Each structure stands twice: as structure tokens, then as C-alpha cells.
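Protein chains in written order, with the working numbering: chain A, 1 to 316; chain B, 317 to 632; chain C, 633 to 948.
C-beta atoms are modelled at their ideal positions from N, C-alpha and C, and glycine is treated no differently.
Note that the coordinates shown come from a computational prediction; the quantities given were computed from them, not determined experimentally.
Notes for the one structure printed next.
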Amino acid sequence: MKLSDIATLIGAEFSCKDIEITSMHTLKDASKSELSFVANAKYIKDIATSNAAAIICDEKTKEYIPEDCVALVVDAPYWEMAVVSAEFAPALEDLDSVKAIVGEGTQVAPTATLANGARVGKNSTIMAGAYVGSNSVIGDNTILYPNVVVYRDCKVGNECIIHAGTVIGSDGFGFASNRLGEHKKIHHIGNAIIEDDVEIGSNTSIDRAVFGSTLIKKGARIDNLIQIGHNCEIGEGSVFAAQSGLAGSSIIGRNNVFGAQSGVAGHLEIAPFNTFAARTGVTKTVKQSGKTFAGFPFMDHKSWLKIQVKLARLIK
Amino acid sequence: MKLSDIATLIGAEFSCKDIEITSMHTLKDASKSELSFVANAKYIKDIATSNAAAIICDEKTKEYIPEDCVALVVDAPYWEMAVVSAEFAPALEDLDSVKAIVGEGTQVAPTATLANGARVGKNSTIMAGAYVGSNSVIGDNTILYPNVVVYRDCKVGNECIIHAGTVIGSDGFGFASNRLGEHKKIHHIGNAIIEDDVEIGSNTSIDRAVFGSTLIKKGARIDNLIQIGHNCEIGEGSVFAAQSGLAGSSIIGRNNVFGAQSGVAGHLEIAPFNTFAARTGVTKTVKQSGKTFAGFPFMDHKSWLKIQVKLARLIK
Amino acid sequence: MKLSDIATLIGAEFSCKDIEITSMHTLKDASKSELSFVANAKYIKDIATSNAAAIICDEKTKEYIPEDCVALVVDAPYWEMAVVSAEFAPALEDLDSVKAIVGEGTQVAPTATLANGARVGKNSTIMAGAYVGSNSVIGDNTILYPNVVVYRDCKVGNECIIHAGTVIGSDGFGFASNRLGEHKKIHHIGNAIIEDDVEIGSNTSIDRAVFGSTLIKKGARIDNLIQIGHNCEIGEGSVFAAQSGLAGSSIIGRNNVFGAQSGVAGHLEIAPFNTFAARTGVTKTVKQSGKTFAGFPFMDHKSWLKIQVKLARLIK
């Protein structure tokens, strides 16, 4: 899409040399042909080192944009970013792409759907009603149980087991809001990647990234009815018990264990090798390892036990 | 169904002129050809103004029924209401209805099912394995991702996005119980209505109403794995983050925001423009606007923060 | 599978007379042709009375194995049990089994799948996209709404209603872990059994047992988005409201009522006729009946209310 057309779409002034914009990304990850945006003062620091060809910003932030980068100045950068995201969202299916390619020994049920451009490796099983979207790749020796849905452009590795009704790659919960209380969808251009040897239970939801990838690393174990928000990263061998949830953009180190009905807020980092008891609500980044936490807001497990004893005494 | 047959079915005495009963409804909403019931003393006040043709009640409540309305007196009105509800529940699909009608530009995947009597508007997409029940209506420019299920008699508006595995219009959790601990299903004769510009995440459940409609108003945003109970109403632009839940018959004003894993008890009313932090458990009606709440039982967010500080001190 | 082959597979010494091992089970339930294991000191007491033909154990536990039972001594019995479980797991579908048998008056949607060996009773309805696995049995007058998945070898009784997107018989969350943080899947050889007159909401997950059965007894009512872990037993007429969860191996007596978003830890026993308020987190076995509980960790409901009053005073 031409940068001049983007400028017109969002009502920004534009007088530079026109260029072709290939996609959108964060300031940090945008390439030289991509558009980015700054909608929050805490990201101003990322502007100077960004490779973005152009940046959507407001009047106040304009001064931070370097000379070799086009500033598209608008009143509401987050809203306008959402507007532009629709332009880069792919079609629901690549109808023109080649027919799905299926490896040797793989069984695909008659009611399963492999969209054009999908690929499935060897000796895998795609059971009844499962769906694999355009350009998504399923590895070798992997099982998609009935009615599993893998949205387009996602990846599931080798030796994975995905139980029935689980959804991989649905859009994350992202939108810009205005003063009228209206919401503008942020189209999710990223994807979700499940590495090798991951087992995911039934009726779990793993959202795709806004830009980049939601990533479930090798050997993770994810139970039933779990929410993994957009842009999360789950470390190797980490374990999530049923009905736990992860808000967006949190990074979980390797071999963490989350009990049932626990939750992690967004944009946190959890160091490796910790345990979170059932129902723990993690509200801050964890830099230590080898600890056990509990409660909401979460704390050291022993402190939580002490508080329960104190509370029990309160009523005597 | 004839009123005399209903009386026979539930063992009530009947000596009036017989009439045809077309359906069932609450005291408040029953029309002149409908049957209603009173099974809880707090609804006695609604009897006098009810248009119902007949009311199932017990011996004690009989005296409140006006002369122009038939009282069907039984020992257990709630149980007998459940018994009669089965008689007014439609078939699972209207096999005799006309074939589904699909608007111009709409794509329906070969493995999707549109039951007889279903209608889909223009330029919509019904993806693989999705199901639209009899007499349900899907608007224009709407997407049902793979394996979405819309039960019969429901409505999804224009410009809606419903992500994979979400279920709209499943029966609410309603039954009458007797002293033996047995449960009698209350058939859900109502439906679920999703207005325009609503996005609903993956694996979410929105139950149909017992009578009337469960209603999700224009511009609402509902994330993954969310429970919306029967007869709830969600105001315009309201936002529910993942794994939150709404028990039955609660009315949420416009532009409320509910954090992840929050919950709202049944039969409450929430005024517009409030925010409920993650994990908030709302236990009472909220009449104020512009507030932020947290905790369970819920309270002002600042109070909740103060309590956490006090609790932390308890163990020092 | 020959016992000598099992010994080779897990690197255990073997010098006894070889026998054919038909399956695996717990010490308590293993038959004379089955293999069992002991991986936790608390089960040593079950060894003496076990009928198992052979037991996987470690060097320390070996002395408890009686003479007429073969001890397969390994360093990590739980891990090796997981290794062997893969050998007894059946194929995803019994392709060689007879075609599914469907009773008189039963309707099966064209996009529904009945795997070979499945059986459906009379006057039942299997709606679009539903799946019934090999050797699973669905009773009479039962409804599987669209996209319900019943894994192989499970049973759903008569007069049951299973709402859309619900999964019955997915593998439980079971694996052995080693010091490298790797996880070895424990294949779930057991099944899930739903007795007569059970209604289950939409998008609920009921896991199959490791060995034996997960059991939902007659007349139970289970709402939407609920987790029932492997090997649980739910008593007659018990009620679970939306988003509640049950970890593995808990036994719930008859006519218990669990509020929304409540949870029960694993390996507990709950006596009949108790009520657990919304959000209750049950952490211990309950031997009383007729009580109401609340809070997490759970307590008498009145005590919980008192604590809330005290907490409210703390900040005044």
C-alpha cells in the first residue's frame, strides 16, 4: 500500500516522496518498508532506533521522529493505527493459493478442512471437523483431535497433540477506543507458533499476535479451557493447569508451573523454574527462580499461608 | 396447546372455558394468549398487572390471581412450569421450513451447516464447520469463524466477528429441583441476540434466554472463554476480558469494562461507565458510574488496595 | 504385550517366566494379567493386596513386592510407567471395527461423524459436526448438539443433553517429569462415562480417566466452560455452575451444589448435600453434609462473611 494512501486514509498531511509500505509492526521490530506507530509516551525511547519507514504519531511526539522517517501526524495515533491495520490484514483464506499439501502417512478425516496453502507433515492425523487455515503448517506425527481450529499463517510443530475444540490463532483482544465509547478493531497481522512436543488440552484458546508471534515453546504442557493472550511467550516445558489464563504480551520463562484457575497480568516477565499455586494472580514481573507463589495479589506461598492463619484468628 | 391439556399435564383443577395457549412467559411479559407462573413471593406484585391468560401458582398465592385470569393451582409451581416448558420448546430443527437463504457475496464453506429457515445477509462468511440453526439470522459483512455454533431462533447483526468454537444460544442453566434431589429441565424458549459491530472471541458461551432474549448490544467486545448467562443484557460498547463470567439475568449498562477472570452474580444491574479490575466478583447492583472496583466481594478499588497493604502488615 | 518386552523397554532386569500383559492399572484395580506401578510411598500399603502380575518400582520399594508378583525395578517408576502407557494406548480410531450402529428413530446430521465401532441408541439426535469415537456408546433419547466431541471408548447414557462444543473423554493432564524439565505423556487408557439424565452445557471439558473411568452420575447438571479432571466422580444430581472446575480424582457425593467459578483440588472426597458458594476453592476433604461453604481456602460460609466484615473495618 502506498504511504500516500495511508496518509489520506487517516487524514495525515503528507508531502514526502511516496513509497510502498509492505506491512506494520512495533517500533522495535519494523523493517525499512514497514509502518509503525507511537501511542504511548513510554515507547518514545524506541523511536530513535526504529527502522520504520513511517510512524503514526501525534503533534507532541512528532519532534522525536528522525529526519529519514516520515511522521504521519494525527490526533489519535492508536485509533488510526487500528484503522490502517485493516488494510494489511490478509483475506480469511488464500483462495488463489495452491491446494493443501499432505505428507506421507498422514490421515485427514473427510470432514476436516485444509485451506489452500496449508501444509501437513508426515504421519500426522487431522481428525473430523478440524480446520487448518491458509499457509498454516502442521508438523510430523502430530494429532489434531476433532474440531480443533488452527487459523491461517500459524504453525504447529512435530509430535504435538492438540485436543478437541481447541483454537490456535484467533485474534487477540485488541481495539482502540474513542471518547464516544466506540471501539475500532486492531487487525491481528501476526500469528501463533506451537513448537515441537507440545500437548494442549481441549477447548483452550491461544490468540495470535498483533504483530510478530504468540509462541509456545518446546515441551510445554497446556491443559483445558486455558486463555493464552496475544503476543505471549511460554518457555520450554512450562505447565499450565486447567482454566488458567495469561493476558497479553507476558513472557514466561522455562519450566514454570501454573496451578488451575491461576492468572498472569499482561506485559510481565516470569523468570524460569517457579511454581504458582492454584488461583494465584500474578500482578508483577518475577525475577527470582525456584520460588513458590500464591494468592491474589500474589506473594510468597509461606506469606500467603500466614495470612490465612491470621484471618482465621480474626473471627475467633 | 389447550389450557385444559396443560391443567391435566400438571394435575391442576380446571373448570373454566378452554382456550388455546400459544407460549409461556414471565408475569411481566406474558401476552393475553400466554401462560405464566409465580414460584417466588417476590413476584406476587407482578400478578395484578400481568396480561397472562393463566398462571401456575400454589394454594397460598391463588388469592392474588385476578378473576379474568385462570389460576392453575399445584403444589410445586416451579417444577410444573418446567414440566410445561417442554411442551412449548420447538423441535431441534425446523425440517419443514424453507431452505436457508444466503445473501449476495456471502461465502458458506462446504462443511458449514445452515439449517432450514436460516438466513444469512450479504458479504458474510460462514467458515468450515460453523452451524446456523433454524430461523436464525446472520447479518451482512459478518464472519463466523470455523466451528461457531448459533442455535436456532437467534440473531447475529451486521459487521460482527465471531471467533472459532464460540456458541451462541445454548440453553441456560435452568431447572427445578424436588426434595429427592432430582432436577427437571426448564426448556429455554427464548433466544440470544447479538447486535451490530460486536466481536466475540473463541470458545465463549452465550446462553439463550428462558423467555425473551439474551442481548448483546451494539459495539460490545467479548473475549475468549467467557460465560454469558441466560437473559443477560450487555450494554453498548461494554468490554469483557477473557474468562470473565456473567450469571443469569444481569443487566450491564453501556461501556462497562470487566477485567479477566471477573464475575458478576445474577439479577444485578450495573450502571454505565464503570471499570472492574481483573478477578473482581460483583455481588451487588451498582448505581454509580465512573468508578473502578476490585476484589471479591467487590469494593472500591482504592479500598481493596488498602486492605492488601493491611494484610501485608499482618504478617510482619 | 509380553512382560519381557516391557522390561526391555524400560531397562529393568527380568529373569522370571514370561507372561502376556493385557493392560495397566492402579495397584488396587489391576487384574492378574495387568501391570501396575508404585511411584509414591503412600501407595506401598496397596502392594500386598494387589492382584497385579507385575509392578514397576524402584530399588527401595522392591522389598514390598510379594513373591508371586514380578518386580520391575527402575530408577524412575513414574516416568517408566508413562513410557509403558504408550504401548497400551489404543489407536485413535478402530478402522477395522464394524461401521457405527444407529438405533431406530435416531437422526445423524450429514456432517456428524460416527467412527467405526460407535453405537447410538434410539430416538437420539447427533447434530452437525458432532463426533462419536470408536466403541463409544450414546444412549436413547439423547441429544449431542453441534460440534460435541465424544472420544473413543466413552459412554453417554439415555435422556442426556450435551450442548455445543463440549468435549467428553479428552486425555487428562497427566505426565511424568524428569530433572531436565522434560515431560513424558501418560497415555490415558481409561474412559469417561456419563450416566442417564445428565445435562452438560456448552464448551465444557470432561477428561477421560488414566485407568478406569471418569464418572458423571445420573441426574447431574453441569453448566458451560467447566473442567472435570481425569478420574473424578460426580454424584447423582450434583450441580456445577459455569466456569467451575474439578481437578483430578476427586469424588463428589450426591446433590452437592457448586457455584460459578468455584474449584475443587485433586484427590478430595466431598460428602453429599453440601453447597459451595460462587468462587469457593475447596482444598480439603469434606466429611459433613448439609453445610454451606465459601472462600479460598474454603471455610464455613458464615465465617467467610465475618472475615469480610473484619476486613472492611481494617480500612476505616
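| Query | Result |
| --- | --- |
| In the DSSP output, which residue or residues are listed as bridge partners for residue 890 of chain C? | C/872, C/908 |
| Reducing DSSP to helix, strand and coil, say where residue 349 of chain B ends up. | coil |
| Listed from N- to C-terminal order along the chain, which residues in the region 448-467 of chain B have their beta-carbon within a distance smaller than 7 Å of any beta-carbon of chain C? | 463, 465 |
| By alpha-carbon positions, which one of A/15, A/217, A/261 ends up nearest to residue 254 of chain A? | A/217 |
| Residue 441 of chain B and residue 743 of chain C: beta carbons closer than 8 Å? | no |
| Indicate the three-state DSSP secondary structure (helix, strand or coil) for residue 26 of chain A in the structure shown. | coil |
| So, for residue 370 of chain A: in the same chain, excluding its five sequence neighbours on each side, which residues have a beta-carbon less than 7 Å away from its beta-carbon? | Because chain A here runs from 1 to 316, residue 370 of chain A falls outside it and cannot be looked at. |
| Compare the C-beta of residue 875 of chain C against all C-beta atoms of chain F and say whether one is closer than 8 Å. | Any reference to chain F falls outside this structure, whose protein chains are A, B and C. |
| In this structure, does DSSP put residue 218 of chain A in helix, strand or coil? | coil |
| For the alpha helix (DSSP H) holding residue 705 of chain C, just list the boundary residues, first then last. | Here residue 705 of chain C belongs to no alpha helix (DSSP H); instead the beta strand (DSSP E) covers 702-705. |
| Can you give me the start and stop residues for the beta strand (DSSP E) that residue 499 of chain B sits inside? | 499-501 |
| Please report how far the alpha carbon of residue 219 of chain A lies from the alpha carbon of residue 274 of chain A, in whole angstroms. | 16 Å |
| Cα separation between residue 547 of chain B and residue 846 of chain C? | 32 Å |
| Roughly how many whole angstroms lie between the Cα atoms of residue 654 of chain C and residue 633 of chain C? | 7 Å |
| Taking buried to mean at least 16 other C-beta atoms within 10 Å of its own C-beta, is residue 20 of chain A buried or exposed? | exposed |
| Can you grab the Cα-Cα spacing for the pair residue 310 of chain A / residue 300 of chain A, in whole Å? | 16 Å |
| My output table needs one value for residue 939 of chain C: the three-state DSSP class, helix, strand or coil. | helix |
| Taking the alpha carbon of residue 118 of chain A as the point to measure from, which residue in A/209, A/100, A/302 has its own alpha carbon closest? | A/100 |
| Tell me the residue span of the alpha helix (DSSP H) that contains residue 637 of chain C. | 635-642 |
| Chain B beta carbons: is any one of them nearer than 8 Å to that of residue 893 of chain C? | yes |
| From the DSSP secondary-structure annotation, give me the bridge partner or partners of residue 423 of chain B. | B/441 |
| Between the region 792-815 of chain C and chain A, which residues of the former have CB atoms less than 7 Å from a CB of the latter, in chain order? | 797, 799, 802, 803, 805, 807, 813, 814, 815 |
| Since residue 940 of chain C meets chain B, which of its residues come closer than 8 Å, beta carbon to beta carbon? | 613 |
| Can we say the region 494-507 of chain B touches the region 150-163 of chain A, given the rule of at least three CB pairs closer than 8 Å? | no |
| Tell me the residue span of the alpha helix (DSSP H) that contains residue 720 of chain C. | 709-720 |
| Beta strand (DSSP E) containing residue 805 of chain C: first to last residue? | Run containing residue 805 of chain C: none; DSSP gives neither H nor E here. |
| Identify every residue that forms a DSSP beta bridge with residue 205 of chain A. | A/167, A/227 |
| Mind checking residue 227 of chain A: buried by the 16 CB within 10 Å criterion, or exposed? | buried |
| When the Cα atoms are used, what is the spatial distance from residue 39 of chain A to residue 178 of chain A? | 13 Å |
| Keeping to the same chain, check which residues put their C-beta closer than 6 Å to that of residue 522 of chain B; ignore five residues upstream and five downstream. | 484, 508, 544 |
| Assuming residue 572 of chain B and residue 558 of chain B make a contact with CB atoms under 8 Å, what is their CB distance in whole Å? | Not a contact, Cβ separation roughly 16 Å. |
| Rounded to whole angstroms, what is the Cα-Cα separation between residue 464 of chain B and residue 445 of chain B? | 7 Å |
| Quick one: what's residue 727 of chain C bridged to in DSSP? | Residue 727 of chain C pairs with nothing; no bridge assigned. |
| By the DSSP assignment, the beta strand (DSSP E) with residue 679 of chain C in it spans what residues? | Premise fails: residue 679 of chain C is in no beta strand (DSSP E) and is neither H nor E. |
| If the cut is a Cβ gap below 9 Å, which residues of chain A does residue 913 of chain C touch? | 261, 278, 279 |
| Please classify residue 771 of chain C: is it buried, with 16 or more other beta-carbons within 10 angstroms of its beta-carbon, or exposed? | buried |
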